[in-house]
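Engineer: This is the structure, below, for whatever I ask next.
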Amino acid sequence: MDHMHHITNSRMDKLYNTHVKLLAFDFLNLKPNHAHPSSFSRQGTRLSRAEALGVVVWRELKPNKFLKFSIDDGTGCIPCLLWLNHLDSHYFSRRHPSDVRLIAELTKNFTSEIQLGGVARVRGKITGYRGALQITVSDVVIERDPNMEVFHWLDCVRLARLCYDTVKDVKPDNSTTHVPF
Amino acid sequence: MDHHHHIKLSDLIQRSQPLSATSSLSSNRPIIKSPNYPSPSTTTQNPNHHLLKTLNHPTILIGTLTLPPFSTPNNTTTPNCNHFRFFDDSGCVVCCDVLNLCPKIINHKIKINAWNFIPGKFGSCKGFLEIIDLVLVELNGDGTSRFSNVDLFSMSSSEMIDGDGDDSLKGKYFVYGVLESLSPVTVVPCAVRSRGSDRSSDSKSVCGFLVKMLICDCGTCKGKDLEILLGDLDERKESGSSSSSHRFIKPMIVYFCGSASAWHAVITRMIGKVFVVSGLKKKLVYIGKDESQLMYVTKEKVVLYLPRMPKHVVGPEKIDVRGSGECGCYRGTVTGSYMRGMVIELDREVMLLLTEKQFRVPHSLRVGAIVSIKNVHFVNPRFPWTRVLILGACFRTSITVEVFSPLETGCYAISHSQSLIEKFVHSLCFCSRLWMLLLITTLRRKFAGILSEKEILGTRNREGLAQKFASSHLPLSAFRCRNGVFMDFCKHDSCRCGGNTLCGHLKLVVPISNLFSHCKVILKQNFLEKETRYEALDTKKIHYSLSCGGIIYDLSAKRIIHADHIGVMLLGYLKISSSGRLQLVDATGEIDVALSNLPSNWHCNKMIEIKDFNITMEIPNDNWNQKPLRDELFTCQSVFSTSPPMKDINRTSYLTCTYNNLEVVNPGSTSAVKCIGNFQVFDGGTFHLLWLMHKFPIINVFQGEQVNSNKMSVFAEAVVLPWVLLSEKDSDAHLHLHSCDRLKKTHAYVVPADKEIGRNENSESVTLEKCNIHKLMRKHANANSTYAKGGDFSSGFLHTYSCSCGIQNSFESRCPFQIPCKITGKSVINNYTGLLKCRDFKEKTPGSCSMLARTVLLEFNQESLSEYQALKVHNYYMLKDCQQDLSSFKEGIKLLISSGMHFWSCSISCPEILQESNSVSSVQSCHSNVKKNEELIKIDTYSDINISIPCSKNYDKFDSEVSSSIGRPSVLLEGGVEEHNCKRARISTSCPSPEISYHDQVLPEGHLTSLHGLVISVHDTNESYFPAQAAHPGARPHPVLLQGKSSICIHVVTDNRNVKISGRSYKGAFPAGIERSVRATFHRILELNGRNDYMLIPASFVEIDSSTPLKNKFGDGDGYTSPEAAPLVPNSEILVTENQPLQLHCRVLAVYVLVLEKTIKSISCDPESFVDIKLAGFVLDSGTSSYCCWANHETAAVLLKLRVEKCEFKSCNANASKQSRKKEACGSTIQRLHKILQKYGRIVVKNDGPVHDSLCHDLTISVTSEKIISHSDENILRRLILNSCFSTVQTVVGNVMDDNSTKQLEKYLAEYQMNIPPLQNIWATGVHQMDPLSEARNIFQGLASTN
């Protein structure tokens, strides 16, 4: 049973460190995992990171603190948070100062690139804030090719069907008991 | 002296043998003045050059050396040979050249101890003597003045002046200075005004040369008393004073004319020396219409004074040779002479251009000689194909031979003609001139035996191919203004005769055989470099096991080289070989051409020019180390010398380009050499519509016997559709006025249709049709009145027809007899309207009818092969009715296609549907539209004619009727399999003819299909592809299936599955370019028992999809791409297995490790080659999993954004400019990296942080040298790594690393105290930018098929 537990867990965690590509309606339906606050659950699969793409429809900038913005992919809006306090944050205090300065510079560039109407591809950690889901952004790429949106839609559908949904379908041996999270 | 043999000139001339008499130059006798001979090995590596035959005993010549005869020019514009003359008492005279000439020996008897003799005709002389060492036998006059330390020579006559030389001192002006440069001897017309008459003048030619001196402007020199100056010089020598009050700073030109012009050869050797010239007069010389120059001109009595000491020699100016046209001196060994001496190769790397016809070059400028060239322009052209230093000789240049050649090589002798091409060459700047000379050489070689010399070079009055071709390629900046010797010499600095060095646009035209040898060298160099790189991981022996059991080694030697990389363009004739392949042919060889977008109206046997192409070369692995590498790159000498033979060229090499990149060159045209395309223009008429079912490959060997290529026929199968197209030209300007007439004419067209319909006894339809046409006429007239008021005709026309659909519907529901249409296309110049008219149908039930299509066999003979070549299977074609009456043809008949018959490729579309497709609003509804749109775009690309049916219902009706006639599915989707006419095409074991006995031979059974997909591997196989058939154990395959040289196995991805197509390879069935990564359609292949196994049969035909993008440029890692890369379906647990190639759409998440080194040797000028990425490990995230992707230089450079990938799928201007900006950014990063690596040697960057977040890098940067890396350099590296994580989705092709490779990698990483991360390890073989649109389509089709 322990062995099976391990297998099931490993399968459930298979996507844990992967940036799953989710459409907004799917993302917004992720369930917080109370046992593991840093993770969220999609049909029983634990997730911690996500990638999304959509049109920037809202932005709010607190200079040197954060940039909040939302991206709309046609199925919903995903709130995103981009921290801008790298130089002051204790979180980065152990990092190499050059790296911190570079990251601060790069995020500043992201801030200027994220403009209303642009198509942004964001990648980062799935976090919750006041009960709402959001992406704490690690990096942003502004997509210039309009076909990227269509590709993203279809890719999300394909990945959901062929990969994300199938993880939960892996049935353990009949002789063992399914162990829920 | 007694032991010396004395030989006479007459004996030498009589022997007519190149000889050398240098035995007297023994070691016992120190020869101070004679420089050492260059050893033959250093002078030239040409094995054809032998040492001069040396007389084995000291042999002397005794005679007199004279100046060249002073020619009194009459009508000649250039004087004759201006070499010294030597004669002896035998009465013979020869041209000669003397080492270390002392003017004293002129006109005196000398004894020549060491010499070379080269027989030949040199003007009036019959030989050329190179005097190495001599002694003066007797002195007629001592040649000195009363000033003991000053030698004086009279230049006025051939006699030396008396010792007193009083006369010489009486000259009005003299100059004392140092000689800087001198011009060649020229003859200029001169008007001499006769005394007493102001207006009348005599024309007279003056022979002379200009000398530029820096003269002294001190009081003594400015004075008029030469004696004071000479006395001063003499005194200084006596007292040994080295200091001088003379300063040679004032530039002055002296014109040596008349008898003094004979002294040119002497003065040439005095460059840098100080002397005095007296007997001058001052003249204001007009060198242009408005410009005059004050110069000294020699009078009748000119005397040259040479102070013995101190010898003032102006050393070579220390110039910074940047190669931008600056003047300087060069000393080197002659290693080659090309183009009749117009190009002299020095030291095997420098090209001296001697194209000026006024220029007189010493005959002793032979291969092997050491020469000194003064005042020559250094030009370093930036040719895209090679690096070379040009020495451009201008009118100030002078050449002296310092050491005679010991080799038996010919003397320099150039003959100039008055042809147009020579004038053209002279009008070019040096870079363009060298390019032009190379072009001439190449064209002569390429078209030897095809075009005459006159056609290539032209004549005095007519331009040849070379000049026309060059004129069309050279920009205005390549030409320079020529003003003649006087102007160019006097205004040298302002003439800018160095010219520009920017000639990146000047691509080299190469013979095909040179191209092969060059590409081979490049590939080998590239291979060796990569092999070294691979050795680090010991992965060079990685091989891929294919599903069929075949093995392909990773380092298979197939490479693709882009024309831009080698900077060449091709010129040749486009022909069809006997095997049916398109080839580019010249006199040196031929190469297969994979030509996409070939229009149906092309003509073979035309001379074409191709600038943009890829060369794919495959060299067998075992061939790499056979021979040591020879330097066969595109050096100028490799082009000037003879072409390498084609015999060792592998025939698997081919050229890829699109038809749009071809330019037809017309060597016979009088004006423009190039014309765009050679399209036939559509001129209307009645056309039959055909649907091409199949093309049968050309088979050279039939049943073991070679087919005579002249009598060879090739076949295609077509369906003659029961429709004819009636077309008529619109007159745009008068359309609204003549609309009714036009429609009446349209009606007139209907008449025969009526008859035909009547013949088919369908009177009801006739009545309906007439009614319909009348209504149509009324509608159309209204529409045209709208147009007349300012409306758009085309929209009005289409609208009318669209409106008329409603009326027609009632009719069409029973039988679509005729459909109005509009005819456009690239071959249609004027507006045409048309009518698609049903020609043949039968009524099935009252009110509904079916079309009668006929299948015919088209036979193409040798003359009509180009028509056959342009045909594409499953395309519509139109054939003019007057050419062949197909209506009388019966099913299955054979139609002979003669060379005059032309097939127009046509597409049939509907604007309404096209508009609908363009306005796709949602993904869900786009499926069918995407298909149609795609088909329309595809058809439109290939077609000459587009038949546009305005009404969508008409179109649908037509399409469905045609589909049912030809039995095709409405659309053949990409990646789909079309089962081809199952009933007819099924091969079964039943014998077609009772006469043929098969005994124990069997035919495989199955359906014939057409299959379209992405080729992922092509390899030879020894495996028996013939399927075992249980019903016939032990049976042998029928011999017809065993034709062809070898068996081939092709792996294709289609419809999300891997299939294998195998069989005998028939060269005729395989177009050039069938290889990995192309999309191809395999027609009439046999589906075997499994769903994924197909077999090639003799009737199978393969077509490459023209829309397959051109392959990446050379060096993008193509050579290392895996042979079999299946698209990765997300469920990686299933598909990712060891050694399974995969393709990921992913993004870089982190860089795990990066090892950079400075490049040791770079063969390319590409800045990227300055940095060598030894190893890079990237963490990639595909959305389903993370991978650790290990990459070599090429792939890593792309992932690190050090290289901008060519955007293959889009070519809009915005993208181009963005790409150029990116390239600039890449260039600057690389430059910085290069500098960093220069400092530190090797740099290792390790990431000790978590690899799942792009912002969590914890980088450690270490260098191998003892230096400490600076903060700024460190920042550049950190920025480089962080930047690579912020990229869009890329497609990475690679292979899962097996245990052995992983172990090797582990070992390698251990050196850097690193472990392999706990991720799936992939060895990346290629990366490119993803095309979101095509990938989206693929996903959509995949999703749709799984529903």
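Protein sequence lines correspond, in order, to chains C and E.
Per full-length UniProt numbering: the first sequence = residues 1 to 181.
Per full-length UniProt numbering: the second sequence = residues 1 to 1347.
Using N, Cα and C, we set each Cβ at its ideal position, and we do this for glycine too.
When the Cα atoms are used, what is the spatial distance from L439 (chain E) to N605 (chain E)?
Structural biologist: As a first step, residue 439 (chain E) is located in the second sequence; it is residue number 439 there, counting from the start. As a first step, residue 605 (chain E) is located in the second sequence; it is residue number 605 there, counting from the start. Answer to the nearest angstrom: the Cα atoms are 22 Å apart.
Engineer: Return helix, strand or coil for S183 (chain E), following the three-state DSSP convention.
Structural biologist: In the second sequence, residue 183 (chain E) corresponds to position 183, counting from 1. DSSP places S183 (chain E) in coil when its eight states are reduced to three.
Engineer: Is it buried or exposed for L476 (chain E), if we count other Cβ within 10 angstroms and need 16 for buried?
Structural biologist: For the purposes of this step, residue 476 (chain E) is identified with residue 476 of the second sequence, where counting begins at 1. L476 (chain E) is exposed by the Cβ-count criterion.
Engineer: Which residue or residues does DSSP assign as beta-bridge partners of H19 (chain C)?
Structural biologist: In the first sequence, the residue the question calls residue 19 (chain C) occupies position 19. Partner(s): C:R49.
Engineer: Taking S215 (chain E) as the reference, give the member of E:S1010, E:Y296, E:G685 and E:N1192 with the closest Cα.
Structural biologist: As a working note, residue 215 (chain E) is residue 215 in the second sequence. The identity of residue 215 (chain E) in the sequence shown is Ile, whereas the question assumes Ser. When only C-alpha atoms are compared, the closest one is E:Y296.
Engineer: With 9 Å set as the bound, which would you pick, yes or no: does the beta-carbon of H1257 (chain E) sit closer than that to a beta-carbon of chain C?
Structural biologist: Reading the second sequence from its first residue, position 1257 is the one you call residue 1257 (chain E). True, the Cβ-Cβ gap to chain C drops below 9 Å.
Engineer: Could you give the first and the last residue of the continuous alpha helix (DSSP H) run that contains E1306 (chain E)?
Structural biologist: Against the second sequence, residue 1306 (chain E) aligns to sequence position 1306. Its alpha helix (DSSP H) spans residues D1299 to A1310.
Engineer: Does the beta-carbon of R581 (chain E) have 16 or more other beta-carbons within 10 angstroms, so that it is buried, or is it exposed?
Structural biologist: In the second sequence, residue 581 (chain E) corresponds to position 581, counting from 1. Classification of R581 (chain E): buried, given that the 10 Å Cβ count is 16 or more.
Engineer: Pick helix, strand or coil for D225 (chain E), following the three-state DSSP scheme.
Structural biologist: Here residue 225 (chain E) is taken as the residue at index 225 of the second sequence, counted from 1. Looking at D225 (chain E) - three-state DSSP - the assignment turns out to be coil, as it is neither helix nor strand.
Engineer: Give me the Cα-Cα distance between Q115 (chain C) and G124 (chain C), rounded to the nearest whole angstrom.
Structural biologist: Taking the first sequence and counting its residues from 1, the one referred to as residue 115 (chain C) is at position 115. Taking the first sequence and counting its residues from 1, the one referred to as residue 124 (chain C) is at position 124. Roughly 19 Å separates the two Cα atoms.
Engineer: Relative to the C-alpha of C429 (chain E), which candidate in E:T397, E:V379, E:R396 and E:K1158 has its C-alpha closest?
Structural biologist: Translated into the one-based positions of the second sequence, residue 429 (chain E) becomes position 429. Comparing Cα positions, the closest option is E:V379.
Engineer: For the stretch 14–36 of chain C, which residues have a beta carbon sitting closer than 7 Å to at least one beta carbon of chain E?
Structural biologist: The residues in question are N17, T18, H19, V20 and K21.
Engineer: Rounded to a whole number of angstroms, what is the C-alpha to C-alpha distance between C431 (chain E) and M339 (chain E)?
Structural biologist: In the second sequence, residue 431 (chain E) corresponds to position 431, counting from 1. In the second sequence, residue 339 (chain E) corresponds to position 339, counting from 1. In a straight line, the C-alpha of C431 (chain E) is about 16 Å away from that of M339 (chain E).
Engineer: Please list, in chain order, the chain C residues whose beta carbon lies closer than 9 Å to that of N1275 (chain E).
Structural biologist: Mapped onto the second sequence, residue 1275 (chain E) falls at position 1275. Chain C residues near N1275 (chain E): S98, R101 and L102.
Engineer: Should T1288 (chain E) be flagged as near chain C, meaning a C-beta pair shorter than 9 Å?
Structural biologist: Start at 1 with the first residue of the second sequence, and residue 1288 (chain E) comes out as number 1288. Output row for T1288 (chain E): interface = yes.
Engineer: The beta strand (DSSP E) with A1324 (chain E) in it runs from where to where?
Structural biologist: Within the second sequence, numbered from 1, the residue matching residue 1324 (chain E) stands at position 1324. Counting along the chain, the beta strand (DSSP E) containing A1324 (chain E) begins and ends at Q1320 to Q1329.
Engineer: Measuring straight from C-alpha to C-alpha, what distance separates S1262 (chain E) and C329 (chain E)?
Structural biologist: Taking the first residue of the second sequence as position 1, residue 1262 (chain E) is located at position 1262. Taking the first residue of the second sequence as position 1, residue 329 (chain E) is located at position 329. So the two alpha carbons sit approximately 48 Å from each other.
Engineer: Which residues in chain E have a C-beta closer than 7 Å to the C-beta of F151 (chain C)? List them in chain order.
Structural biologist: For the purposes of this step, residue 151 (chain C) is taken as residue 151 along the first sequence, with counting starting at 1. The answer, in chain order, is P1332, E1335 and A1336.
Engineer: Just to confirm, is the Cβ distance from S398 (chain E) to V302 (chain E) under 9 Å?
Structural biologist: In the second sequence, counting from the first residue as 1, residue 398 (chain E) sits at position 398. In the second sequence, counting from the first residue as 1, residue 302 (chain E) sits at position 302. No.
Engineer: Name the chain C residues that come within less than 7 Å of P462 (chain E), Cβ to Cβ?
Structural biologist: Your numbering for residue 462 (chain E) matches position 462 in the second sequence. First, the amino acid is wrong: residue 462 (chain E) is Arg here, not Pro. What R462 (chain E) touches in chain C: nothing, since even the nearest Cβ is about 54 Å away.
Engineer: Residues of chain C with a CB under 8 Å from the CB of C1188 (chain E): which are they?
Structural biologist: Position 1188 of the second sequence, counted from the first residue, corresponds to residue 1188 (chain E). Here the premise fails: no neighbours, minimum Cβ distance about 13 Å.
Engineer: If you scan the stretch 448–504 of chain E from start to end, which runs of the alpha helix (DSSP H) of 4 or more residues do you find wholly inside it?
Structural biologist: If we require 4 residues or more, the alpha helix (DSSP H) runs fully inside the stretch 448–504 of chain E come out as 453–457, 465–473, 484–490 and 492–495.
Engineer: Taking 8 Å as the cut-off, does the stretch 148–162 of chain C touch the stretch 90–102 of chain C (at least 3 CB pairs, one atom from each stretch)?
Structural biologist: Touching, no.
Engineer: Under the three-state reduction of DSSP, which class applies to S898 (chain E): helix, strand or coil?
Structural biologist: As a working mapping, residue 898 (chain E) is identified with position 898 in the second sequence. Correct three-state label for S898 (chain E): coil.
Engineer: Do R1084 (chain E) and H505 (chain E) have their C-beta atoms closer together than 9 Å?
Structural biologist: Walking along the second sequence from the start, residue 1084 (chain E) turns up at place 1084. Walking along the second sequence from the start, residue 505 (chain E) turns up at place 505. The answer is no: Cβ separation not under 9 Å.
Engineer: I'd like to know whether the C-beta of H1252 (chain E) is nearer than 9 Å to at least one C-beta of chain C.
Structural biologist: Within the second sequence, residue 1252 (chain E) is the residue found at index 1252, counting from 1. Chain C, which has a Cβ nearer than 9 Å to the Cβ of H1252 (chain E), makes this yes.
Engineer: Who are F117 (chain E)'s beta bridge partners in DSSP?
Structural biologist: Numbered from 1 along the second sequence, position 117 holds the residue referred to as residue 117 (chain E). Paired residues: E:L19 and E:L129.
Engineer: Anyone know if the C-beta pair for T64 (chain E) and I13 (chain E) falls short of 9 Å?
Structural biologist: For this step, residue 64 (chain E) is matched to residue 64 along the second sequence. For this step, residue 13 (chain E) is matched to residue 13 along the second sequence. No.
Engineer: According to DSSP, simplified to helix, strand and coil, what is W83 (chain C)?
Structural biologist: Here the question's residue 83 (chain C) lines up with position 83 in the first sequence. Strand, per DSSP.
Engineer: Using DSSP with H/G/I as helix, E/B as strand and the rest coil, what is F958 (chain E)?
Structural biologist: Position 958 of the second sequence holds residue 958 (chain E). Of the three classes helix, strand and coil, the one that applies to F958 (chain E) here is helix, per DSSP.
Engineer: Check whether the Cβ atoms of L136 (chain E) and I105 (chain E) lie closer than 9 Å to each other.
Structural biologist: Locating residue 136 (chain E) in the second sequence gives position 136, where the first residue counts as 1. Locating residue 105 (chain E) in the second sequence gives position 105, where the first residue counts as 1. It is a contact, given that the beta carbons lie within the stated cut-off.
Engineer: Which residues does DSSP list as the beta-bridge partners of T146 (chain C)?
Structural biologist: Taking the first residue of the first sequence as position 1, residue 146 (chain C) is located at position 146. Position check: residue 146 (chain C) holds Pro in this sequence, whereas Thr was assumed. In DSSP, P146 (chain C) forms no bridge with anything.
Engineer: Which residues share a DSSP beta bridge with A1080 (chain E)?
Structural biologist: Against the second sequence, residue 1080 (chain E) aligns to sequence position 1080. Answer by DSSP bridge pairing, in chain order: E:G1013 and E:I1104.
Engineer: Anyone know if the C-beta pair for V1052 (chain E) and K1060 (chain E) falls short of 9 Å?
Structural biologist: Counted from its first residue, the second sequence places residue 1052 (chain E) at position 1052. Counted from its first residue, the second sequence places residue 1060 (chain E) at position 1060. For V1052 (chain E) and K1060 (chain E), yes; Cβs fall inside 9 Å.
Engineer: Please decide whether F359 (chain E) counts as near chain C, where near means a Cβ-Cβ distance under 9 Å.
Structural biologist: The sequence position of residue 359 (chain E) within the second sequence is 359, counting from 1. It does not; no Cβ of chain C falls within 9 Å.
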